[in-house]
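Colleague: Structure below; questions to follow.
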Amino acid sequence: MPNSTEVNVIARENQNLGTASLNLDDNANYQITLSPVNQNTQYNFAYIIDVSDSMSGEPLQAAKNAYISLTNSLIDSGIAEVSQFAVIPFGSDALLNAPLNAAQAISTIEGLSLNGFTNFNAALEKANQFFSTVPPGATNKVYFLSDGFSTTGGNFRNTAKALQSVADVQAYGFGAANIQQLRIVDSDQPTIVAEASELADEFVNSILSRDDISKINILLDGKIIQTIQPEELKESSAGLTFTGSIDGLNSGKDTQNKLSAEIVYTDKTPDTTVDLVVNSETDQNNNQENLGNPVPQTIQVVPKLDSELPVLSVADISIEDDNTGTNIIEFPTTFENNKPEYPKVAVIENDNVEQTPQIVPQNAVQNIIDGNLLNLESFTGNVAITFAVDREALFDNTVGFYKIEDAQGTITDPITGNKLKPSDGKAYAELALKLHQPELELTVDNLSSTIIQDTLLGGYLYAPFMIADGNLDTLKGDFSQVYFSFAQANSDGVEHIRSLGNNSLGFEDLWKGGDNDFNDMVIRTEITMV
């Protein structure tokens, strides 16, 4: 009778799920299976589907096919049996169909029809309503799809944040989809496809695909002896599988071989169940006294994380050994962190385990956008800044920065010594532009992105400004199309620059706020000390 021990690991972004170690004798065959999610966990899925008039014809049918394919993959993997669904079509308004089982969800999707304009806010509110009714302790996931941008329903930023606090939100777009608005909706980064027909593959692959895996290492006594590449994994709706063998292990009653498996992800750790089954080819004796000390049946690593970070992922590693020699499961406290991420600490919670490992990434994200300002007050010396600039506007805009003395935007004329505030109108605008950082003028072609690097002096606040459809050379004393972080400094008296979170600023280039989408220019910042 094989001896079996399960190790449950809860892990997070950019780290190994951990190492499950087995001591065994002789040669071994093994199989590693990475399943999309834990089949024993309750899941709640919300399908938010754009059915506005622009989805007419092939786009709506492709969207239906994508959601149905996703649901069928959940059925095939057994996940649907322990899940409930909500189908939320939205146009001018939104409708909540919930709770549904998988078959009911498919039937509801098949019956969807068009409905007017595009209202992101109403759709997100319905999703929040659904998750407010589900039992606690489940894992909540959202699949959001649109081919355009929100045209009615008002600002949806707070509604999106509320949804992200209770669910992992994945946003998808195609056609004329507005990537900046989808970034507000998505818990991380949205997925954009060229054609609606590509959606089905994207949805199914979003669960788990080879692209999520960087490599899998097989280790013997802590040394890598085999590396499995992503293309070697067998892919199906049930997950990813690899079968291999290890020959030439040390044999004998009193010898041991410590076999381990590491799974390294390419970016963030998706929700994953990992099954590692190792079988010894030799049964040397059946004396149960050789099993040694009992091993705790469950070890959980429970991160204590910022509530705004995405949902935790779960890995279950089960190990079986046909040999009746000594079998010991070990869980090392090492994790791999190669990319910038938030600080996190994990503790092992088990009555029989006294270890307390820590997961402390060395590269923590630093927030330098404070309100609508660039805040370098905590730095000294020169600070190298990378600006990622995106544009979705007909106007050929220019963005710059100028140093301010306080969060109210006060500036001082270096010649007269007079202090000006945003409420001083044209005089303030003229002086602010004279004080702008001369080498830092951010521009990019329409529907394009660019990376610009520059250096600013630490210890100060910097305020952005935007020249709508022009630059400093074209102004000629007319500041009516120059917009600042301070509404009172703008000629129309309304807001034109807004923090989008994640060290990003959004700019609106139309008089009186126009469509208020704040995506005509979007600038994301990242800093490195010099």
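Heads up, the sequence shown is in our numbering, so the first residue is 33 and it goes up one at a time. Virtual Cβ for every residue (Gly too), placed ideally from N, Cα, C.
So is the beta-carbon of Ser229 under 7 angstroms away from any non-hydrogen atom of the ligand ZN?
Modeller: As presented, the structure is devoid of all ligands, the ligand ZN included, so that no description of it is given.
Colleague: Taking Cβ positions, are Ala112 and Ala134 nearer each other than 8 angstroms?
Modeller: Yes, the pair counts as a contact, with Cβ atoms nearer than the cut-off.
Colleague: What does the Cβ neighbour count give for Ser277, buried or exposed, with the cut at 16 atoms within 10 Å?
Modeller: Result: exposed.
Colleague: Closest by CA to Lys508, which one among Ala461, Phe550 and Asp456?
Modeller: It is Ala461.
Colleague: Is Asp547 near Phe427, with beta carbons less than 8 angstroms apart?
Modeller: The answer is no: Cβ separation not under 8 angstroms.
Colleague: What three-state label does DSSP hand Ser197 in the structure shown?
Modeller: Reduced to three states, the DSSP call for Ser197 is coil.
Colleague: Going by beta carbon distance, what residues of the same chain come within less than 8 angstroms of Gly186, once the five residues before and after it are set aside?
Modeller: The residues are Asn153.
Colleague: Count the C-beta pairs between the segment 401-420 and the segment 478-487 that are closer than 8 angstroms, then say yes if the count reaches three, no if not.
Modeller: As far as the Cβ criterion goes, the segment 401-420 touches the segment 478-487, which means the pair count is three or higher.
Colleague: Do you know offhand how far Leu66's Cα is from Ala126's?
Modeller: Going by the C-alpha atoms only, they are around 36 angstroms apart.
Colleague: Could you check the C-alpha separation between Leu463 and Asn97 for me, to the nearest Å?
Modeller: So the two alpha carbons sit approximately 57 angstroms from each other.
Colleague: Using only the alpha-carbon positions, how far apart do Gln63 and Gln261 sit?
Modeller: In a straight line, the C-alpha of Gln63 is about 14 angstroms away from that of Gln261.
Colleague: Pick helix, strand or coil for Val225, following the three-state DSSP scheme.
Modeller: If DSSP states are grouped into helix, strand and coil, Val225 belongs with the strands.
Colleague: Excluding the 5 residues preceding and the 5 following Ser523 in the sequence, name in chain order all residues of the same chain whose CB lies nearer than 6 angstroms to its CB.
Modeller: The answer, listed in chain order, is Ser512.
Colleague: Assign Gln520 to one of two classes, buried (16 or more other C-beta atoms within 10 Å of its C-beta) or exposed (fewer than that).
Modeller: So Gln520 ends up on the exposed side.
Colleague: Excluding sequence positions up to five away, which residues of its chain have a Cβ less than 6 angstroms from the Cβ of Lys192?
Modeller: The residue asked about is misnamed: residue 192 is Ala in this sequence, not Lys. Only Leu156, Ile216 and Val217 meet the Cβ criterion.
Colleague: Can you give me the start and stop residues for the beta strand (DSSP E) that Glu471 sits inside?
Modeller: His468 to Leu474 is the extent of the beta strand (DSSP E) around Glu471.
Colleague: Rank Asn534, Ser531, Glu424 and Lys466 by C-alpha distance to the C-alpha of Thr482 and give the top, closest one.
Modeller: Ranking Asn534, Ser531, Glu424 and Lys466 by Cα distance to Thr482 puts Glu424 first.
Colleague: Use the C-beta contact count for Ala210: other C-beta atoms within 10 angstroms, 16 or more gives buried, fewer gives exposed.
Modeller: In the sequence as presented, Ala is not what sits at residue 210; that position holds Asn. When all chains shown are included, Asn210 counts as buried.
Colleague: From Gly491 to Gly254, what does the alpha carbon distance come to, in whole angstroms?
Modeller: So the two alpha carbons sit approximately 47 angstroms from each other.
Colleague: Whose C-beta lies closer than 7 angstroms to the C-beta of Gly89 among residues of the same chain, with five residues either side of it excluded?
Modeller: The answer is none, since no qualifying residue turns up.
Colleague: Need the endpoints of the alpha helix (DSSP H) that Leu493 sits in, please.
Modeller: Run containing Leu493: none in the alpha helix (DSSP H); it sits in the beta strand (DSSP E), Leu493 to Ile499.
Colleague: Drop a sphere of 10 angstroms on the beta-carbon of Gly449, count the other beta-carbons inside from all chains shown, and report buried for 16 or more, exposed for fewer.
Modeller: Looking at its Cβ environment, which holds fewer than 16 other Cβ atoms inside 10 Å, Gly449 is exposed.
Colleague: According to DSSP, is Asn172 part of a helix, a strand, or is it coil?
Modeller: Of the three classes helix, strand and coil, the one that applies to Asn172 here is strand, per DSSP.
Colleague: How far does the beta strand (DSSP E) with Arg242 in it extend, from its first residue to its last?
Modeller: Per DSSP, Arg242 belongs to no beta strand (DSSP E) and is neither H nor E.
Colleague: Following the continuous beta strand (DSSP E) through Asp108, name the residue where it begins and the one where it ends.
Modeller: First-last for Asp108: Glu90 to Asp108, but that is the alpha helix (DSSP H), not the beta strand (DSSP E).
Colleague: Classify Ser277 as helix, strand or coil using the three-state DSSP reduction.
Modeller: Strand at Ser277.
Colleague: Can you tell which of Met498, Thr506 and Asn503 has the C-alpha that lies nearest to the C-alpha of Leu537?
Modeller: Ranking the options by Cα distance to Leu537, first place goes to Met498.
Colleague: Roughly how many angstroms separate the alpha carbons of Thr165 and Asn249, rounded to a whole number?
Modeller: Each residue's alpha carbon lies about 42 angstroms from the other.
Colleague: Could you give the uninterrupted runs of the beta strand (DSSP E) lying entirely in the segment 416-472, keeping only those of 3 residues or more?
Modeller: Within the segment 416-472, the complete beta strand (DSSP E) runs of at least 3 residues are 430-436.
Colleague: Helix, strand or coil, according to DSSP, for Thr506 in the structure here?
Modeller: Thr506 falls in the helix class under three-state DSSP.
Colleague: Applying the 10 Å Cβ sphere with the 16-neighbour rule, what's the burial state of Asp402?
Modeller: Per the 10 Å Cβ criterion, exposed.
Colleague: Can you grab the Cα-Cα spacing for the pair Leu465 / Leu472, in whole Å?
Modeller: About 12 angstroms.
Colleague: Exposed or buried, which one is Ser182 when buried takes at least 16 other CB atoms within 10 Å?
Modeller: So Ser182 counts as buried.
Colleague: Buried or exposed: Glu263, going by 16 or more other Cβ atoms within 10 Å of its Cβ?
Modeller: Glu263 comes out exposed.
Colleague: Taking its Cβ as the centre, do 16 or more other Cβ atoms sit within 10 Å of Asp179, making it buried, or is it exposed?
Modeller: That one is buried.
Colleague: Going by DSSP, what residue range makes up the beta strand (DSSP E) through Ile81?
Modeller: Looking at the DSSP string, the run of the beta strand (DSSP E) that includes Ile81 is Tyr75 to Asp82.
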